[in-house]
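Numbering (the numbering used here), first residue to last: -6 to 255. All C-beta atoms, glycine included, are put in the ideal place defined by N, C-alpha and C. Data first, discussion second: the structure below is written as structure tokens.
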Ligand SMILES: Cc1cc2nc3c(=O)[nH]c(=O)nc-3n(C[C@H](O)[C@H](O)[C@H](O)COP(=O)(O)OP(=O)(O)OC[C@H]3O[C@@H](n4cnc5c(N)ncnc54)[C@H](O)[C@@H]3O)c2cc1C
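Next up, the structure:
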């Protein structure tokens, strides 16, 4: 049976996001959390495989204990197992430490395909999926919008690229990262909603799987956020069309002198 692991992340609902005007940091208190939208696309594809091929689907999240909520949501959509990777030692992890921790946990399981969202709407780096693939030495396909499985060992994957689409074939085991826009994630169904609260979430911590403690959390994070800030409001620009390059250059010069910039 096809064994699929889907990495899902709990993120603040960005339509409700507030920023501390002085520190420029995110105010998380009182902000509702949701499952990252791209991860719902990945979950939907995993559940389509479950419908078509009877795959076994496990959702995995790394985060604080309250991230259990998105595992319950995943159960209610039809996921079979849920894993929460949680430990204070993981706190302050950047993408490298996050993907290392997720990879070390995933290594201990028998998987055929690992799925993730393309990008999380809070961190927005789109690094974690590809980094997991690197750490587990798996072939990866990113920006996925459609997948077909030959029932044996090959996936035919359509990915969205700037100029159009690319269709690639990849052998399993592999890692795919998904675009939410390509999928209509299913709603939770009544039977699974009832079952979601009876299913057990497997909880793992830094002692549950082999890790190098130096590669966890803040200690294992080579990147450092120096400053974060919101873009100030900007007045509407003025569009000057049909100028010759000389007229355009003179106009720019004039405006810069007007503002005492030069
Ligand atoms: C120096 C530094 C310190 C940080 N400190 C903290 C901190 O103290 N607390 C904090 O909350 N964040 C912290 N972060 C943010 C944290 O690194 C990111 O939230 C995390 O690494 C995921 O990156 P991303 O959001 O860009 O995900 P992306 O790479 O955009 O996510 C792509 C996909 O990877 C998967 N994925 C990503 N993260 C997870 C996860 N946790 N579990 C399961 N799947 C996942 C999802 O499928 C997601 O769609 C810090 C970041 C930096 C750079």
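Based on the DSSP secondary-structure assignment, which residues constitute the bridge partners of residue i?
i           : result
residue 51  : -2, 74
residue 158 : 153
residue 26  : 5
residue 255 : The partner list for residue 255 (beta bridge, DSSP) is empty, contrary to what the question assumes.
residue 196 : 77
Given the structure, does residue i come close to ligand 3, in the sense that its CB is under 7 Å from one of the ligand's heavy atoms?
i          : result
residue 28 : For the structure depicted, ligand 3 is absent and the ligand set comprises only ligand 1.
Check whether the Cβ atoms of residue i and residue j lie closer than 8 Å to each other.
i           : j           : result
residue 194 : residue 77  : yes
residue 177 : residue 113 : no
residue 202 : residue 97  : yes
residue 87  : residue 216 : yes
residue 166 : residue 197 : no
residue 71  : residue 64  : no
If you reduce the DSSP assignment to three classes, tell me which class residue i lands in.
i           : result
residue 138 : strand
residue 174 : helix
residue 110 : strand
residue 61  : helix
residue 187 : helix
residue 163 : strand
residue 232 : coil
If residue i sits next to residue j, beta carbons under 8 Å apart, how far is it from one beta carbon to the other, in whole angstroms?
i           : j           : result
residue 140 : residue 150 : 5 Å
residue -2  : residue 99  : 6 Å
residue 73  : residue 50  : 5 Å
residue 210 : residue 83  : 5 Å
residue 26  : residue 62  : 7 Å
residue 126 : residue 133 : 4 Å
Any chance the segment 53 to 62 sits against the segment 0 to 8, with 3 or more Cβ pairs inside 8 Å? Per the Cβ contact rule, the segment 53 to 62 is in contact with the segment 0 to 8 (3 or more Cβ pairs under 8 Å).
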